[in-house]
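Single-structure report; data block below.
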Amino acid sequence: MAWTPNGGVALRSRHVDRMAASADHFGFEFDAAAVDALLDGVDADGPRRLRLLGAPDGGVELQVAEAPEPTTGAWNVPIDLEPVTSGHEFLFHKTTLREVYDDARARFPEAPDVLLWNEVGELTETTIGNLVVRLDGRLVTPPVSCGLLPGTFRAQLLADGEVVEQVVRRGDLDRADGVWMVNSVRGWVPISLVYAGSRR
Numbered sequence: 040m041a042w043t044p045n046g047g048v049a050l051r052s053r054h055v056d057r058m059a060a061s062a063d064h065f066g067f068e069f070d071a072a073a074v075d076a077l078l079d080g081v082d083a084d085g086p087r088r089l090r091l092l093g094a095p096d097g098g099v100e101l102q103v104a105e106a107p108e109p110t111t112g113a114w115n116v117p118i119d120l121e122p123v124t125s126g127h128e129f130l131f132h133k134t135t136l137r138e139v140y141d142d143a144r145a146r147f148p149e150a151p152d153v154l155l156w157n158e159v160g161e162l163t164e165t166t167i168g169n170l171v172v173r174l175d176g177r178l179v180t181p182p183v184s185c186g187l188l189p190g191t192f193r194a195q196l197l198a199d200g201e202v203v204e205q206v207v208r209r210g211d212l213d214r215a216d217g218v219w220m221v222n223s224v225r226g227w228v229p230i231s232l233v234y235a236g237s238r239r
């Protein structure tokens, strides 16, 4: 989550609602008052990146870190060598079980991010954010059913009508007019695709 001294937590209600939904899915207790108290108590002299960790008994831990430096220029991002399984439960929830993402990053340790795709050749997301592609003059993002995290920034872009959902296949990248990683901390990050060794 992105936090600023003047604005507090960006997309706060979306983050909290998503956490509550995931807690319900996994059978965790969720203490909304404790979450609010932690978020209300953040005090810093500059932008911060926040991370909330929920325990099965409803306990909540807040981690506070320096915000990342603003992105300048496009990231060179490879397409992963192996597909994700679109029905993998943990793709749909933000948890500490990040094996799918960690494995992808391990295959490209020098890359700032990695673009993921599923077993039927549909693009899904990156290891740290959602995917937006400009196709035929429209900004589109893959549906959650393809196997991806429903990001809060993605949800806001959909609600505002800035992007629409559409299945994006690997072959569509050849005609894309732009590709971005989006998340609530970094916003829009343009990416330049690298095909090093991957099957197009």
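Throughout, our numbering is defined as the position within the sequence shown, counted from one, plus 39. For each residue, glycine too, the CB sits at the ideal point set by N, CA and C. Remember, predicted model here, so these are calculated numbers, not experimental data.
With distances taken between CA atoms, Asp216 lies nearest to Ser231 out of Arg53, Ser231, Ser125, Val203. According to the DSSP assignment, Ser223 belongs to no beta strand (DSSP E), since it is labelled neither H nor E. Its chain contains Met40, Ala41, Trp42, His54, Leu78, Val81, Leu89 as the residues whose beta carbon lies nearer than 8 Å to that of Val48, once the 5 sequence neighbours on both sides are disregarded; these appear in chain order.
Taking a contact as a CB-CB distance under 8 Å, the pair Val202 and Phe131 does not count as one, their CB atoms being some 19 Å apart. Residue environment analysis places Leu196 among the buried positions, since at least 16 neighbouring C-beta atoms fall within 10 angstroms of its C-beta. Leu91 is the residue among Leu170, Leu91, Val103, Gln102 whose C-alpha sits nearest the C-alpha of Ser61.
With respect to the C-alpha of Pro229, the residue from Val171, Glu100, Val123 having the closest C-alpha is Val171. When secondary structure is reduced to three states using DSSP, Gly47 falls in the strand class. Between Glu164 and the set Gly200, Phe67, Val206, the nearest pair of CA atoms involves Val206. Residue burial is scored here from C-beta neighbours: Gly186 has at least 16 other C-beta atoms within 10 angstroms and is therefore classed as buried.
For Gly160, the CB contacts under 7 Å within the same chain, skipping 5 residues up- and downstream, are Arg208, Arg209 in chain order. Taking Asn115 as the centre and dropping the five residues before and after it, the same chain places the C-beta of Ser231, Val233 closer than 6 Å to its C-beta, in chain order.
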